[in-house]
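Asker:
Chains as they are written, first to last, in this note's numbering: chain S, 9 to 366; chain Z, 9 to 366; chain A, 9 to 366; chain F, 9 to 366.
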């Protein structure tokens, strides 16, 4: 007999969009895939084929798709496939690959150095790379003691909750191509960016010059899994071997790929992202009305960055709210997920308001 | 509206135990974990804690447990933590880490060489390493051009469907310790070995001298996931960082760990394995009765190795049966899973018998 | 018959101290080692033993010594031996390991990230790391997404031609030890630092808390070769294997080690460095007298950093002088070597003076 | 004053050709290069240019040449440039890259697996790979769990003192090309092979299908250094960066490259090798006359493999002779160098003869 573990009902939090669970449509297909009984392993199953085809339709191109377990692996393997150990990758100083992967990109590539763009521009403040910053790093030096730049990596939506416009991506890609660099897009929150832009996924990726996209599924409602999408098949040669060697090939692949069918069918991925973005807007508008709170910039995706009085931060934490203090002294990040409710947003705002008044 | 993909009912196969799906108990806890709503990420959730505690109880020791995505990663990361790039790992020539990981152990360790034991002994024929083979490789050379052996890796149950006895493991571990080597156990089918031996999990692991066990969950009924179990915490220092860097840390960890609760509760893991082993016995006894079929050795776990007339192999494949021809000329492997039915075994035997008569 | 290649007499340059050749004493022992005829390979020769013993005497401790081919390898292997791939190394933003090794440290360590200290302090301007900067990086974060700091690396003399005092090294080492970090010293110009400080080599290394020193031989007068000196033998376990695997073990080792006898005998290493430092002082004093030239800071080793009018830079380059324009707009570096003559310094100054007047 | 270390005159040995010192012509150019005074670093010097040009003339093709420090690095870097970590390299079981590099190739390539050819053929006994063995390993499996073969590596002369004929190399290269594999030649004793064959260096390399040659200088009379020669420049893209990152770029490059001028001028490399080969023949003929000694096969390069009574092996070792007991029970290897004298060969034979009679 299976004993049921006593679930303490949990409050929705704003620490990360990965606090959310699996969305119903992904769960449906997970169970559907299990109902089949025996199924070929390592991706030779029907759901892997189906979700791959759906991604090709979504991106309107015969792309190569590889499902891996998480974002660290997706980004690191994609980058490793675009450069050698003695090359370098240009990125923003707040890029997740630079700040939060414990050296994952360097590990998978066996040493490719991340070159962090400098700059005090408004774009930099918004977490964005610029064509000028790319060119500056490429042309800075050309000696062999400087690892030759080979890739530009941009995060869409950015780590600051902003979104590159199609024109901005194209401009960066043009700067990259001019110097024979490839363009990688860390799309852990790609869905949120597309929801904001309202464009076709193709417009903000390969049509704008992106070579490889790491399309985030986990934050969008999957239990586990990201898709590495190569728009140019010439770049994905033997990538399946790379995935295998690096411990990223699921034997029972259907459980990774079938939930993608749930996200892709009926545009659930976009609906999930649109909802999360809307909750960020609701939080943003609520915060703007509160005295002593300053919002860093208008959110464009599902995260709100705001400066709170430090006492308020402590009070909220004491009340059980979870969110990151991004910058010492009260700089906070609030993330909304596909399942964040209006009530949760309002409850956070109410607790904050009560504290600010108190 | 979610459209249901038309499932073609699938036949049970004998190609691999990873053709099977997720067992009901694991599925139950997967859904249970999802019902919770928001939950801290990266393992700070209740199911990770609970399944870890259950493994400590199961192994009767305060072990360190890390959940990773698959066996390639579990074994490669465990081995990498036991040696440096200029060391070597001793294993059997049929060890999965040697033959089927596309260089994964060498990749994660940045170059540790696998030293394959030689030998024509009966043990070697059964896929087992021996203390003598270990000692021979360690003492063969002691110059710095020879990567210094630091680890012995054994697979339990072996890739040949046999199981090391407690005494055999202890003898190998003693030989290893004598030369200051660590002992790693690839337990992709650890449950099947324990089911065969009928011993306590502790008896065949740390009490017999094993330092690290990679406990396979996927083949035992999980959708995805293996547990790396360090019996000596001194060896797991900073292993969490290693897991993170190597792209093996699940953000929504509960979906990896909660199904383990399902396996561990009420000894489902052992029941699943016992059933799979029994199906292998059924198949073994059936095969023995067939003319022209010779079974390599008595199965001890969930796989049967037999030599079939080549025409029979082709005929079965033509009829839609999937299984591996291990050795050219008719050497075949048949794997049974936690869900393999008697009817499936009998159907395979019937088709084979019909073919042999024909 | 051996034809003599027509040597164009070359002018002494200030681009790098590695433009200089081999000093006579090193050359003497190189030839001496060759006169021996057959000699055991891989370091089992008399000169390797002798030079190792001399280094032990010099440092007044039973240190472990490994001779490798160049500074990239010396530093990268030493760092790799002090941390794992998921750890990090704290260094100055101008550290050679960060700016000029083409990702060598990340390659040899398979991904250890270099953590560059920030800061606008006077120490930072002088190319030095500070205890505060070390502590700030260590305590900044403690999550597993941030590669755990394990090593502090300082360059002595620094890349800016300054020298850490004994107290400064001790303060950094104390900050490091407080956080269980090891201390690595990149001593490509260690001799120049000791010549400046006038202290015992032990005082500025192990007595001040340094764990491993990469003692530069090439810039000090060797044809090729650096010594990795472990003051604590517990840290050098199996380092010989690491050196071998990484392609840094010379078969005819005597030709790497014998020249070290030349440097170490009669304190030639110190004499060479003292001379180079004096030439830098001569250049510094000469530059100070020139209008339009501003020297960045008082040189303490063998390099002078000065800002010249850009036209003067071009004119000197046009006249055949080689030196690096460190910073766009006229920030230049002039390096003096063990063989730099007063006449060369004066010739450079005269050409510059003529240009400034013109 | 420089004290002269008391040189004990050493006996010539047969342990390895790397026991020999630097030949006079290499020494001449080493000193010549030093006489120049200041010289640009990192290969922008006259001797690097000159020796590179001489190698182009020697090989009769516009090849790309890189000078590195030793054979471990030369072979490992060349192989790493021809495949990715998830690929594999096919070689003989006695290949030096497999048996004596402490995992160097796996380290530099971050995990490329060496695939050892099996076989009991006469060729295998002579240390040679065959086209059939290559094809067998390539076609053995095609799944992603098996690292895809990308390179064939052959050693010329082999580790068994034999030499591939031009036809043999061409046949292997043809088999390789048929499967889109590149061909690497470990030429640690390339000169000895050419001396035996009497062919043009081009005939046994690029004209026979070799893509990259590691041309050994050390065993041929250099103090330190090997040349990596890419016959197809398309394969050497960014190889200079790889060399730099891997710690194989000499700052004072002239001291590595100038001695090559000495080897290449007047065909000293060939003369040195011819002499060493002749000494091996002398030893071979001498051994054949001794009772109780059986020579494994006719030497074609500079090594003799013979089986001696074990007591004789011990007696020779006791008399101070150094040579390797290759196989337990008396299988010995005797290597001759560029400077081995007839007297040394005869003295060894005399001592052996005396022992056998005794």
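Every residue gets a Cβ at the ideal spot worked out from N, C-alpha and C, and that includes glycine.
#1: Spell out whether any CB of chain S is found under 8 Å from the CB atom of residue 153 of chain A.
#2: Compare the C-beta of residue 115 of chain A with all C-beta atoms of chain S and state if any pair is closer than 8 Å.
#3: For residue 206 of chain F, decide whether its Cβ has a neighbour in chain S, counting only Cβ atoms nearer than 8 Å.
#4: Assuming residue 231 of chain Z is part of the beta strand (DSSP E), what are its boundary residues?
#5: Taking the C-alpha atoms as reference points, what is the distance between residue 267 of chain A and residue 259 of chain A?
#6: Could you work out which residues of chain A lie near residue 231 of chain F, taking near to mean beta carbons separated by less than 7 Å?
#7: In the DSSP assignment, the beta strand (DSSP E) including residue 113 of chain Z goes from what residue to what residue?
#8: Identify, in the order they occur along the chain, each residue of the same chain with its Cβ nearer than 8 Å to the Cβ of residue 351 of chain F, setting aside the five sequence neighbours on each side.
#9: Express the C-alpha separation of residue 349 of chain F and residue 118 of chain A in angstroms, rounding to a whole number.
#10: Using a Cβ-Cβ distance cut-off of 8 Å, determine whether residue 19 of chain F contacts chain A.
#11: Roughly how far, in whole angstroms, is the beta-carbon of residue 135 of chain S from the beta-carbon of residue 100 of chain S, given that I think they are within contact range, below 8 Å?
#12: Go ahead and pull the three-state DSSP assignment for residue 194 of chain Z.
#13: Mind checking if residue 340 of chain Z is an interface residue toward chain F, Cβ cutoff 8 Å exclusive?
#14: Might you give, ordered along the chain, the residues of its own chain that have their beta carbon closer than 8 Å to the beta carbon of residue 207 of chain A, omitting 5 neighbours on each side?
#15: Identify whether residue 28 of chain S lies in helix, strand or coil by the three-state DSSP scheme.
#16: Evaluate the contact criterion for the segment 209-222 of chain A versus the segment 171-187 of chain A: three or more CB pairs, one atom per stretch, below 8 Å.
#17: Is the beta carbon of residue 359 of chain F closer than 8 Å to that of residue 324 of chain F?
#18: The beta strand (DSSP E) that contains residue 218 of chain Z, what's its start and end?
#19: Pick out whichever of Z:141, Z:107, Z:337, Z:196 has its Cα sitting closest to the Cα of residue 149 of chain F.
#20: Which residues in chain S sit within 9 Å of residue 42 of chain Z, going by Cβ to Cβ distance?
#21: Relative to the C-alpha of residue 48 of chain A, which candidate in F:21, F:53, F:59 has its C-alpha closest?
#22: Return helix, strand or coil for residue 249 of chain F, following the three-state DSSP convention.
#23: Under DSSP, the beta strand (DSSP E) around residue 160 of chain S begins and ends at which residues?
#24: Counting only Cβ pairs nearer than 8 Å, list the residues of chain F close to residue 47 of chain A.
#25: Does the distance from the CB of residue 224 of chain A to the CB of residue 280 of chain A come in under 8 Å?
#26: Enumerate in chain order the residues of its own chain whose CB-to-CB distance from residue 141 of chain Z is below 6 Å, with the five nearest sequence positions on each side excluded.
#27: Label residue 307 of chain F either buried or exposed according to how many other C-beta atoms from any shown protein chain fall within 10 Å of its C-beta, with 16 as the threshold for buried.
#28: In chain F, which residues lie with their C-beta within 7 Å of the C-beta of residue 249 of chain A?
#29: Counting only Cβ pairs nearer than 7 Å, list the residues of chain A close to residue 149 of chain Z.
#30: For a test of the three-state rule: what should DSSP assign to residue 95 of chain S, helix, strand or coil?
#31: Would you say residue 306 of chain A lies against chain F (beta-carbon separation less than 8 Å)?
#32: Please classify residue 25 of chain F as buried or exposed, where buried requires at least 16 other C-beta atoms within 10 Å of its C-beta.
#33: Which term fits residue 336 of chain Z, buried or exposed, when burial requires 16 or more other beta carbons within 10 angstroms of its beta carbon?
#34: Answer yes or no: does any C-beta atom of chain A fall closer than 8 Å to that of residue 54 of chain Z?
#35: Could you name the residues of chain F that residue 337 of chain Z contacts, counting a contact when the two beta carbons are closer than 7 Å?
#36: I want to know whether the segment 151-163 of chain S touches the segment 239-258 of chain F - three or more CB-CB distances under 8 Å.
Answerer: This is what the structure gives:
#1: Along the third chain, read from residue 1 onward, the residue named residue 153 of chain A stands at position 145. By this cut-off, residue 153 of chain A is an interface position.
#2: As a first step, residue 115 of chain A is located in the third chain; it is residue number 107 there, counting from the start. Closer than 8 Å: yes.
#3: Counting from 1 along the fourth chain, the entry for residue 206 of chain F is found at position 198. For residue 206 of chain F, the answer is no, since every Cβ of chain S falls outside 8 Å of its Cβ.
#4: For the purposes of this step, residue 231 of chain Z is identified with residue 223 of the second chain, where counting begins at 1. Per DSSP, residue 231 of chain Z belongs to no beta strand (DSSP E) and is neither H nor E.
#5: Along the third chain, read from residue 1 onward, the residue named residue 267 of chain A stands at position 259. Along the third chain, read from residue 1 onward, the residue named residue 259 of chain A stands at position 251. Distance between the alpha carbons of residue 267 of chain A and residue 259 of chain A: 16 Å.
#6: For the purposes of this step, residue 231 of chain F is taken as residue 223 along the fourth chain, with counting starting at 1. Under the 7 Å cutoff, chain A gives 260, 263.
#7: Residue mapping note: residue 113 of chain Z aligns to position 105 of the second chain, counting from 1. Looking at the DSSP string, residue 113 of chain Z is not in any beta strand (DSSP E); the run it does join, the alpha helix (DSSP H), is 112-117.
#8: Numbered from 1 along the fourth chain, position 343 holds the residue referred to as residue 351 of chain F. Taking C-beta separations shorter than 8 Å and ignoring five residues to either side along the sequence, residue 351 of chain F has no partners in its chain.
#9: Counting from one through the third chain, the residue named residue 118 of chain A turns up at place 110. Counting from one through the fourth chain, the residue named residue 349 of chain F turns up at place 341. C-alpha separation (whole angstroms): 46 Å.
#10: Against the fourth chain, residue 19 of chain F aligns to sequence position 11. So yes, residue 19 of chain F belongs to the interface.
#11: On the first chain, residue 135 of chain S is found 127 positions in, with the first residue counted as 1. On the first chain, residue 100 of chain S is found 92 positions in, with the first residue counted as 1. Their Cβ separation, rounded to whole angstroms, is 6 Å, which keeps residue 135 of chain S and residue 100 of chain S in contact under 8 Å.
#12: In the second chain, counting from the first residue as 1, residue 194 of chain Z sits at position 186. In this structure, residue 194 of chain Z counts as strand in the three-state DSSP scheme.
#13: For the purposes of this step, residue 340 of chain Z is taken as residue 332 along the second chain, with counting starting at 1. No - not a single Cβ of chain F is within 8 Å of the one on residue 340 of chain Z.
#14: As a working note, residue 207 of chain A is residue 199 in the third chain. Contacts found: 174.
#15: The residue given as residue 28 of chain S occupies position 20 in the first chain. Coil.
#16: yes
#17: Stepping through the fourth chain from its first residue, residue 324 of chain F is reached at position 316. Stepping through the fourth chain from its first residue, residue 359 of chain F is reached at position 351. Contact flag set, yes.
#18: Numbered from 1 along the second chain, position 210 holds the residue referred to as residue 218 of chain Z. No beta strand (DSSP E) holds residue 218 of chain Z; DSSP gives it neither H nor E.
#19: Residue 149 of chain F sits at position 141 when you count from the first residue of the fourth chain. Checked all of Z:141, Z:107, Z:337, Z:196; the closest Cα to residue 149 of chain F is Z:107.
#20: The residue labelled residue 42 of chain Z in the question sits at position 34 within the second chain. What residue 42 of chain Z touches in chain S: 29, 30, 35, 231.
#21: Against the third chain, residue 48 of chain A aligns to sequence position 40. Of F:21, F:53, F:59, the smallest CA-CA separation from residue 48 of chain A is found for F:21.
#22: Translated into positions along the fourth chain, residue 249 of chain F becomes position 241. Residue 249 of chain F falls in the helix class under three-state DSSP.
#23: The residue labelled residue 160 of chain S in the question sits at position 152 within the first chain. Looking at the DSSP string, the run of the beta strand (DSSP E) that includes residue 160 of chain S is 156-163.
#24: Within the third chain, the letter at position 39 stands for residue 47 of chain A. Those within 8 Å of residue 47 of chain A in chain F are 18, 27, 29.
#25: Locating residue 224 of chain A in the third chain gives position 216, where the first residue counts as 1. Locating residue 280 of chain A in the third chain gives position 272, where the first residue counts as 1. Not closer than 8 Å, so no.
#26: Counted from its first residue, the second chain places residue 141 of chain Z at position 133. 125, 127, listed in sequence order.
#27: The residue you call residue 307 of chain F lines up with position 299 of the fourth chain. Buried, since its Cβ has 16 or more Cβ neighbours within 10 Å.
#28: Position 241 of the third chain holds residue 249 of chain A. Per Cβ cutoff of 7 Å: 110.
#29: Position 141 of the second chain holds residue 149 of chain Z. Chain order gives no chain A residues near residue 149 of chain Z, where near means a beta carbon separation below 7 Å; the closest approach is about 12 Å.
#30: For the purposes of this step, residue 95 of chain S is taken as residue 87 along the first chain, with counting starting at 1. Strand at residue 95 of chain S.
#31: Counted from its first residue, the third chain places residue 306 of chain A at position 298. For residue 306 of chain A, the answer is no, since every Cβ of chain F falls outside 8 Å of its Cβ.
#32: On the fourth chain, residue 25 of chain F is found 17 positions in, with the first residue counted as 1. So residue 25 of chain F ends up on the buried side.
#33: Within the second chain, residue 336 of chain Z is the residue found at index 328, counting from 1. Exposed, because fewer than 16 other Cβ atoms sit within 10 Å of the Cβ of residue 336 of chain Z.
#34: Stepping through the second chain from its first residue, residue 54 of chain Z is reached at position 46. No, because no Cβ of chain A sits closer than 8 Å to the Cβ of residue 54 of chain Z.
#35: Your numbering for residue 337 of chain Z matches position 329 in the second chain. In chain order: nothing, as chain F lies at least about 14 Å away.
#36: yes
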